[in-house]
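Chemist: Quick one: this structure, given as structure tokens, is what I'll be asking you about.
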Amino acid sequence: MSDTCTIHEDHTHVHGPDCEHEAVEHGDHVDYIHDGHRHAPHGDHYDEH
């Protein structure tokens, strides 16, 4: 991932294998489809893809 990212603000949901959102392999990580866009875990937040 790049050093710059667009953070999805105010995201209290935790994505993971049991979160019921579609998981999409994306290079070296997994994105989750949430509210019509992709969230990528990045440290203590989620990036918008």
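In terms of our numbering, the sequence shown opens at residue 37 and continues consecutively.
Just so you know, even glycine gets a beta-carbon here, dropped at the ideal spot from N, CA and C.
What you are looking at is a predicted structure, and each value in this text was computed from that prediction instead of being measured.
#1: Taking its Cβ as the centre, do 16 or more other Cβ atoms sit within 10 Å of residue 59, making it buried, or is it exposed?
#2: Within the same chain, show all residues whose beta-carbon is closer than 7 Å to that of residue 57, passing over the 5 residues directly before and after it, in chain order.
#3: Quick one: measure Cβ to Cβ for residue 55 and residue 49, integer angstroms, because I've assumed they're closer than 8 Å.
#4: Between residue 64 and residue 73, what straight-line distance do the alpha-carbon atoms span, to the nearest angstrom?
Modeler: Well, looking at it:
#1: On the sequence shown, position 23 is the one that residue 59 refers to. So residue 59 ends up on the exposed side.
#2: Walking along the sequence shown from the start, residue 57 turns up at place 21. In its chain, beyond the 5 residues on either side, 51, 68, 69 and 70 have a beta carbon closer than 7 Å to the beta carbon of residue 57.
#3: Walking along the sequence shown from the start, residue 55 turns up at place 19. Walking along the sequence shown from the start, residue 49 turns up at place 13. Indeed, because the Cβ distance is near 7 Å, the residues count as touching under 8 Å.
#4: Walking along the sequence shown from the start, residue 64 turns up at place 28. Walking along the sequence shown from the start, residue 73 turns up at place 37. The C-alpha of residue 64 lies about 19 Å from the C-alpha of residue 73.
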